[in-house]
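Before any comments, here is the structure.
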Amino acid sequence: EGISVSILTGDRDALQLVNENITVIIPTTSKGTTITTRYTPEEIRQKYGICPESMIELKALMGDASDNIPGVKGVGEKTALELIRQFGTIDNLYENVSSITREKLRETLLEHKDMAYLSRELGTILRNGDVSWKVRELKREEINRKELLEVFRDLEFNSLIKKMGLDSAEDDPCITQRVPEICCERIEASERLREAVTELIALATENEGLVYLVPLVRKTGKVGGHLRAISMGTGKKGFYAENIEEQAIADALKPLLENKSVTIVTHNIKELYTWVLCRCGDITAGYFDTMLAEYLIDALAADYSIPVLAKKYAGVSIDAPETKSKGRQAEVEPDTDRLFRYLRDSLSVLKPIYEKQKGILENSGQNELFYNVEQPLALVLGSMEYYGFRVDQEYLEEYGVRLDHNIRSLEQTIHMLAGEEFNINSTKQLGTILFEKMGLKASKKTKTGYSTDAETLSELSDAHEIIPCILEYRQLTKLKSTYVEGLVKVINPDTGRIHSSFNQTVTATGRISSTEPNLQNIPVRTDMGREIRQAFIPEDGFVLVDADYSQIELRVLAHITGDEMLKKAFTEGLDIHAMTASQVFGVPIDMVTPEMRRRAKAVNFGIVYGIGDFSLAKDIGVTRKEAARYIEGYLSTYPNVRKYMNDIAESAKEKGYVETMLHRKRYIPELKSPNFQVREFGRRVALNTPIQGSAADIIK
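In this note's numbering, the protein residues as written are 27 to 726.
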């Protein structure tokens, strides 16, 4: 439209957009001072000697490590600029590649031609997006305070509400509904609490058998945490208890928690169960966990808290019970009245949340998954957290001493090979030593200097004996800091065990995750790493049992696709990887070499994750052409898998989600993205979620 546009950005990719009407302004900071550089077509020609349109051709050759754009290996900015100044585009470059006199450069360009074109595609900013608005619609107007407050409430931008002076609209009935108040008796005596529980059970048996329960459990150093307060009710009548000794609360709740004619509606049954186990109790009553229900309804949600669900299902706002102290992230203990209001209001909204979630689960066919898999599993995980894992602390500390000795020895060797002492953990110092002093070839640079990541160093393993020493040094220091020191820190002093948290509502595929600490990534691939596992020991008189399903994801793939060749491999007990290699490479199964089997295995498992030829080529060390041939050979061998991949991608695009065998849903908004890379990610998610998710459901 002839409008002059200035783009302020830190991303140099935008330089390709520069023209007579578009100026790109890039800020840079040095020694605490920020300056800006304005790039016009003339500025780019003066600085780079090329026109703005050629900036993307430049990136195609030199790549960009910060954006994971590979470029042509070994071609840096200087060489790339020379080539683009001479040829203009990579199309013209490859048409005239024979005219390049430097033989090594010519061979490099030809070897990595695919990467050059891929890099240009990855780095090109699309300019034909479907824009439905007009520029004039972007004109700044007066703020609509009511609408803005509603948005801020939805996004929980509470500090911005105060900062922008929107507090005055808080009580506007057009903006927010009030929480329906419930008559909630405050209890501070254990005897009255026992009476209240008896009343609740009597009321529940007359009213669908439902009791609503909202405990507030704080994490402490103690197993099971600390119950700060609790509210309970039947929908109309409620009770709130605080300042009562925890064991007395557990004893009072016992008749309710073990009453099989009652269904307890609560939020986070696992947390409640772990707390109950620590007080010698159990939960044998029926229960409905609104947090787990919401996870099945929306596995991509960032927050499953009661305030979020209250807004979604009851249209009301509930203030969280705690605030953050200024300057640090620690929670500040709420005052008594604030805590009471939170638990009372949470109790009042639990009923509409439950009723709506129950209907959604039923209508979406997720009852079996919810009632027979997720809810029973929550108690299993709570039990695992309660019992914890016994750890031999003395062994860990002895192992740490051995690691220290090996680390010091490697440190001395590295300094000797480098010819001077330096900080091995400093990327900058290490890069200077390797690529400037020792003259090793740097394959890529970051915005702050030489790249010394594991991939870069692994490629240089044969270049100098210092490289394997550095890689081993990093491996051992990580073992020491993350696993030896990290695990010793989290051993509970009362139990001598590690009580990890097993999370049920984190992964979109339904898999369980482990945190504080993560017990799912204890090293297993190296001898030194495997020694860490020896620190985990059974209780006296017990043994540890390791059980797993054999190739469960490939078996699920065979079941879902119905592919006869895949099914035959499993029903007849054949080596699935050798069979795939036999078909893909066209040799009898007894002629399959270990290398053929290794590549076929990568294809077998890669297909489940929606792998493409680029990633497969990188994984198994072949060209993209070879990788594409392997994938095509696989899909020809198992035609139903190809059909499944096409069908599921189309179905996901149409419905907006995919399902596992037990109807676990995963919505995939990425499929509608205007960005090609994001859409491709969505397609991979659509392919692998039914497989991974079904495997997770089966294991659960």
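A virtual CB, placed ideally from N, CA and C, is assigned to each residue, including glycine.
Can you have a look at residue i and say buried or exposed, based on whether 16 or more other CB atoms are within 10 angstroms of its CB?
i: A356; result: Any reading at A356 must be qualified, since the residue scores a pLDDT of 47, below 50, and its modelled position is unreliable; the value itself is stated next. A356 is exposed by the Cβ-count criterion.
i: V510; result: buried
i: K350; result: Confidence at K350 is low in this model, with a pLDDT of 47, below 50, so its placement is unreliable and no value can be given for it.
i: P78; result: buried
i: D198; result: At D198, the pLDDT of 46 sits below 50, so the modelled position is not reliable; the number obtained from the coordinates is stated separately. Result: exposed.
i: L34; result: exposed
i: K470; result: buried
i: I657; result: buried
i: G632; result: buried
i: W301; result: buried
i: E271; result: exposed
i: P241; result: buried
i: D723; result: buried
i: E320; result: buried
i: S720; result: buried
i: L326; result: exposed
i: H603; result: buried
i: L192; result: buried
i: K377; result: buried
Please confirm whether residue i and residue j have their CB atoms less than 7 Å apart.
i: E147; j: I116; result: no
i: P67; j: T60; result: no
i: A628; j: D645; result: yes
i: Y413; j: V291; result: no
i: R111; j: G75; result: yes
i: C536; j: R690; result: Here residue 536 is Gly; the residue named in the question, Cys, does not match the sequence. The answer is yes: Cβ separation under 7 Å.
i: L15; j: L502; result: Because the chain spans 27 through 726 in this model, residue 15 falls outside it and cannot be assessed.
i: I213; j: A267; result: yes
i: V613; j: E579; result: no
i: A653; j: A712; result: no
i: A336; j: V288; result: no
i: V249; j: C306; result: no
For the beta strand (DSSP E) containing residue i, list its first residue and its last residue.
i: I213; result: C209 to I213
i: G312; result: G312 to D315
i: E685; result: Y683 to E685
i: F528; result: S527 to N529
i: I51; result: I48 to S56
i: Y65; result: T59 to Y65
From which residue to which residue does the alpha helix (DSSP H) around residue i run?
i: K263; result: No alpha helix (DSSP H) holds K263; the beta strand (DSSP E) holding it covers K263 to E268.
i: S641; result: D639 to I646
i: R690; result: Unbroken run through R690: none, as it is neither H nor E.
i: V31; result: Unbroken run through V31 is the beta strand (DSSP E), V31 to L34; no alpha helix (DSSP H).
i: T224; result: S216 to T231
i: T508; result: Note, T508: premise wrong, no alpha helix (DSSP H); not H, not E.
i: I720; result: In the sequence as displayed, the identity of residue 720 is Ser instead of Ile. It spans F702 to I725 - the alpha helix (DSSP H) in which S720 sits, taken as one unbroken run.
i: S608; result: I602 to F611
i: S539; result: Counting along the chain, S539 falls outside any alpha helix (DSSP H), though it belongs to the beta strand (DSSP E) covering S539 to T541.
i: C77; result: First-last for C77: undefined, no H or E at that position.
i: V375; result: T362 to N389
i: C495; result: I492 to K504
i: I332; result: I332 to L335
i: E652; result: R650 to T663
i: V629; result: P620 to V634
i: G457; result: T453 to G457
Give me whichever residues DSSP pairs with residue i in a beta bridge.
i: M141; result: The partner list for M141 (beta bridge, DSSP) is empty, contrary to what the question assumes.
i: M729; result: Since the displayed the chain opens at 27 and closes at 726, residue 729 lies outside it and no answer follows.
i: R244; result: H252
i: R416; result: R523
i: T292; result: L239 and D315
i: K471; result: Y476
i: F562; result: V417
i: I548; result: None; I548 has no bridge partner.
i: D90; result: I95
i: I517; result: I524
Any heavy atom of the ligand PLP closer than 6 Å to the beta-carbon of residue i?
i: T531; result: The ligand PLP is not among the ligands present in this structure, which contains no ligands whatsoever.
**Q.** Meets three-Cβ-pair contact criterion under 8 Å: the stretch 131 to 138 and the stretch 91 to 111
**A.** yes
Q) Taking one C-beta from the stretch 388 to 399 and one from the stretch 326 to 340 each time, how about it: are there three or more such pairs within less than 8 Å? A) no
Q) Is the number of C-beta pairs between the stretch 360 to 369 and the stretch 272 to 286 that are closer than 8 Å three or more? A) no
Q) Contact between the stretch 544 to 558 and the stretch 441 to 452: three or more CB pairs below 8 Å? A) no
Q. Counting Cβ pairs, one atom from each stretch, are 3 or more of them under 8 Å apart for the stretch 456 to 465 and the stretch 583 to 593?
A. no
Q.
Between the stretch 253 to 269 and the stretch 312 to 324, can you find at least three pairs of beta-carbon atoms closer than 8 Å?
A. no
Q: Specify whether the stretch 223 to 243 and the stretch 252 to 260 touch according to this definition: at least 3 beta carbon pairs, one from each stretch, less than 8 Å apart.
A: yes
Q. For the stretch 556 to 563 against the stretch 409 to 425, are there 3 or more C-beta pairs whose distance is under 8 Å?
A. yes
Q: Decide yes or no for the touch test of the stretch 700 to 711 against the stretch 148 to 166: beta carbon pairs closer than 8 Å, at least 3 of them.
A: yes
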